[in-house]
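I have placed the structure first, in the form of structure tokens, so that the comments after it can refer back to it.
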Amino acid sequence: MNKTELIDHIASKADISKAAAARALDALIGGVKTTLKKGGTVTLVGFGTFAVSARAARTGRNPRTGETIKIKKAKVPKFRPGKALKDAVN
Numbered sequence: 001m002n003k004t005e006l007i008d009h010i011a012s013k014a015d016i017s018k019a020a021a022a023r024a025l026d027a028l029i030g031g032v033k034t035t036l037k038k039g040g041t042v043t044l045v046g047f048g049t050f051a052v053s054a055r056a057a058r059t060g061r062n063p064r065t066g067e068t069i070k071i072k073k074a075k076v077p078k079f080r081p082g083k084a085l086k087d088a089v090n
């Protein structure tokens, strides 16, 4: 499912226009991004938790040349599914 299909699904299930569904989805995504950027977490009970994790600097290898390269430390978004989501999938 892509973003357009998700907007269509939200609009039909919530009985709202596609434009309103698109604004709602964009607001949700924007809220998650803003919170993660500040280092916080977003927990949706029954669905899962979005959080930020730190990845340490490390050395890697360029697959083309075999040359060793340094990879900088980075913050990466993580998602941990909740129990209800896991149960729904299984």
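Numbered by UniProt numbering, the letters in the sequence shown go through residues 1 to 90 in order.
Every residue gets a Cβ at the ideal spot worked out from N, C-alpha and C, and that includes glycine.
Note that the coordinates shown come from a computational prediction; the quantities given were computed from them, not determined experimentally.
Going by Cα to Cα distance, which pick from HIS9, THR43, THR34 and THR59 is closest to LYS70?
-> Looking at the Cα atoms, THR59 is the closest of the given residues.
Can we say the region 49 to 69 touches the region 12 to 23, given the rule of at least three CB pairs closer than 8 Å?
-> Touching, no, given that fewer than three Cβ pairs across the two stretches are closer than 8 Å.
Is VAL76 helix, strand or coil when you go by DSSP?
-> Strand at VAL76.
Would you mind reading off the limits of the beta strand (DSSP E) that contains SER53?
-> Element bounds for SER53: 48 to 55.
List the whole-angstrom C-beta distance separating ALA57 from LYS33, where the pair is believed to meet the contact cut-off of C-beta under 8 Å.
-> Contact check for ALA57 and LYS33: beta-carbon distance about 24 Å, past the 8 Å limit, so the pair fails to qualify.
So the beta strand (DSSP E) ILE71 belongs to, where does it begin and stop?
-> Per DSSP, ILE71 is one residue of the beta strand (DSSP E) stretching across 68 to 71.
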